[in-house]
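Beneath this line is the structure, given in structure tokens, with notes to follow.
2 protein chains.
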Amino acid sequence: MKISTKGRYALRLMLDLATYNTGEPISLKDVAKRQQISDKYLEQIIPSLNRAGYVRSVRGAQGGYLLAKEPKEYTVGMILRLTEGDLAPVNCVGENPVSCDYSENCAVAKVWSRINDAVNQVVDNITLADLLDWQSDYVDQYII
Amino acid sequence: MKISTKGRYALRLMLDLATYNTGEPISLKDVAKRQQISDKYLEQIIPSLNRAGYVRSVRGAQGGYLLAKEPKEYTVGMILRLTEGDLAPVNCVGENPVSCDYSENCAVAKVWSRINDAVNQVVDNITLADLLDWQSDYVDQYII
DNA sequence: TTTAATTCCCACTTATTCAGTAGGATTATA
DNA sequence: TATAATCCTACTGAATAAGTGGGAATTAAA
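This is the structure:
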């Protein structure tokens, strides 16, 4: 039941772009340094965010990435699903369920379905804007 | 974010023992046949349930396993945690969290924590007795 | 116009986990 | 005493995780 580094890093990457946004492109190297993640690995993660239109890339020197939309337009669920795939705990529930011979009278599937709903409920109701808010709360509390 | 076969089979195993309980020990071979799971694999899964005292084993011919307690005494969470380990989506939240350098001002950790709470809320509030109920509902609906 | 910084693309690697199999020792019943 | 069961330990093959490495294409700045 773990979320892989791919999903976790993608979320931190998006949050980093939101946090340090100035209107100028932000290079992966900068993100990697701040987030302490291998830049080569980030390079492997970002194409899916790019293809989905979640970020805009600027090539060449002084290039980098920018969020394509406002932080409040991105839910955590959107970002995680892109990198993790479906968040359902088993294949027989979720976006495109694989039905088995017992699916009709399978009480256990009801458990998976409820877990699925509960997880979606959380990730689809938190946006990058919320994360920005939470960050500034922490700053108020600990640093200033 | 998937639950492995180990956890899923453990739950079906426990539910099978509850469903077909007559007071006599039930052999893994019977469970395996009904649930369409390799008996050798079940043999590998059950020791943890046994050591935890969730089932009682009877050795020798006509031996097998019995639930140690009433179905309502087992939550899905108890069973899954035994076989899957902690259900937390990352290591920095959950039962014994591994703290990182940023844990204090990590907005992302709040997301993981909420997912963790949501999952626990589900699995800790469904018992084997609930699953038995759901099963008989299905029977009413489809078979009878 | 060259240099340097950057994205883009694709192949490779190493370790771990998953999902079982296999074989035999031990125990108890009929 | 034969048989049916649990118990225990080791092995295996495939997939996934978590990166690394090299180089081509693009563009801003010197």
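Chains as they are written, first to last, in the numbering used here: chain A, 125 to 268; chain B, 125 to 268. Even glycine gets a Cβ: it sits at the ideal position worked out from N, Cα and C. Since the structure is predicted, the reported quantities are computational estimates derived from the model, not experimental observations.
How big is the Cα-Cα spacing for residue i and residue j?
i, j, result
"residue 214 of chain B", "residue 126 of chain A", "6 Å"
"residue 237 of chain B", "residue 218 of chain B", "7 Å"
"residue 255 of chain A", "residue 145 of chain A", "14 Å"
"residue 245 of chain A", "residue 241 of chain B", "12 Å"
"residue 257 of chain B", "residue 235 of chain A", "13 Å"
"residue 160 of chain B", "residue 259 of chain A", "49 Å"
"residue 232 of chain B", "residue 186 of chain B", "53 Å"
"residue 243 of chain A", "residue 172 of chain B", "27 Å"
"residue 208 of chain B", "residue 128 of chain B", "7 Å"
"residue 239 of chain A", "residue 184 of chain A", "45 Å"
"residue 164 of chain A", "residue 192 of chain A", "22 Å"
"residue 177 of chain A", "residue 137 of chain A", "15 Å"
Could you check whether the Cβ of residue i sits closer than 8 Å to any Cβ belonging to chain B?
i, result
"residue 132 of chain A", "yes"
"residue 145 of chain A", "no"
"residue 194 of chain A", "no"
"residue 127 of chain A", "yes"
"residue 155 of chain A", "no"
"residue 217 of chain A", "no"
"residue 135 of chain A", "yes"
"residue 214 of chain A", "yes"
In chain order, what residues of the same chain lie with their CB nearer than 7 Å to the CB of residue i, ignoring the 5 residues before and after it?
i, result
"residue 167 of chain A", "152"
"residue 248 of chain B", "199 and 201"
"residue 139 of chain B", "252 and 255"
"residue 174 of chain A", "181"
What whole-angstrom Cβ distance do residue i and residue j have, given they're in contact under 8 Å?
i, j, result
"residue 318 of chain A", "residue 179 of chain A", "Outside the shown range of chain A (125 to 268) lies residue 318 of chain A, about which nothing can therefore be said."
"residue 206 of chain B", "residue 149 of chain B", "Wrong, their Cβ atoms sit about 21 Å apart, outside the cutoff."
"residue 211 of chain B", "residue 135 of chain B", "Their Cβ separation, rounded to whole angstroms, is 13 Å, which puts residue 211 of chain B and residue 135 of chain B out of contact at 8 Å."
Going by other Cβ atoms of all chains shown within 10 Å of its Cβ, with 16 needed for buried, is residue i buried or exposed?
i, result
"residue 261 of chain B", "exposed"
"residue 142 of chain A", "buried"
"residue 131 of chain B", "buried"
Apart from the five residues just before and just after residue i, which ones in its own chain have a Cβ nearer than 8 Å to its Cβ?
i, result
"residue 162 of chain B", "156"
"residue 251 of chain A", "195, 196, 197, 198, 199 and 200"
"residue 188 of chain B", "148, 149, 150, 151, 152, 154, 181 and 182"
"residue 224 of chain A", "216 and 230"
"residue 158 of chain B", "140 and 144"
"residue 222 of chain A", "215 and 216"
At a Cβ threshold of 8 Å, is residue i touching chain A?
i, result
"residue 191 of chain B", "no"
"residue 211 of chain B", "yes"
"residue 250 of chain B", "yes"
"residue 255 of chain B", "yes"
"residue 229 of chain B", "yes"
At a cut-off of 7 Å, is residue i close to the ligand NAD when judged by its beta-carbon and the heavy atoms of the ligand?
i, result
"residue 257 of chain A", "For the structure depicted, the ligand NAD is absent and the ligand set is empty, with no information on it obtainable."
For residue i, which residues in the same chain have their Cβ closer than 6 Å to its Cβ, ignoring the five residues on either side in sequence?
i, result
"residue 133 of chain A", "161 and 169"
"residue 220 of chain A", "none"
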